[in-house]
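Just remember that my numbering sits 66 ahead of the position in the sequence shown, which is counted from 1.
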Amino acid sequence: MTTYSGPARLILAGGTQVSGMASLSTNQRGGINGWSGTFRPDQISAEIRDASDGLYLELPYDQVGAVAVTGVRKLLATQILMTLTGSGPAPF
């Protein structure tokens with residue numbers, strides 16, 4: 067299992083870039099390769115809350131992977147935690 071935890075940018079379907087922190091890992095169970103994790107945006111908006119498909123997660127050094135939002139959880143009044151599932155090769 068490979069992991070990444072640190073700064074990232076979520077690129078929304080319209081091209082808007084949202085900075086935040088990501089915690090990601092690969093899952094290699096029973097021959098199924100994939101990756102998933104969480105993203106905590108620095109700031110939240112309706113556009114971020116409604117994001118679901120057609121998204122990309124950009125890590126430092128221009129490493130990018132396609133992601134879909136599978137869940138959103140409220141942490142504090144001004145913070146949310148997004149659960150992501152990646153498709154294609156992991157960018158870390």
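Glycine included, C-beta positions come from ideal geometry on N, C-alpha and C. Just so you know, these numbers come straight off a predicted model, no measurement behind them.
Just mark residue i as buried or exposed, buried being the case when its beta carbon has 16 or more other beta carbons within 10 Å.
i	result
residue 139	exposed
residue 157	buried
Between the alpha carbons of residue i and residue j, how many angstroms are there, rounded?
i	j	result
residue 86	residue 67	23 Å
residue 91	residue 108	21 Å
residue 111	residue 117	10 Å
Could you tell me which of the options sits nearest to residue i, measuring between CA atoms?
i	options	result
residue 154	147, 142, 111 and 134	134
residue 70	136, 77, 124 and 113	124
residue 81	120, 131 and 73	120
residue 89	74, 129, 113 and 117	74
Keeping to the same chain, check which residues put their C-beta closer than 6 Å to that of residue i; ignore five residues upstream and five downstream.
i	result
residue 148	105, 135 and 138
- What beta strand (DSSP E) runs, 3 residues minimum, are completely inside the stretch 93-142? 98-107, 121-125 and 129-142
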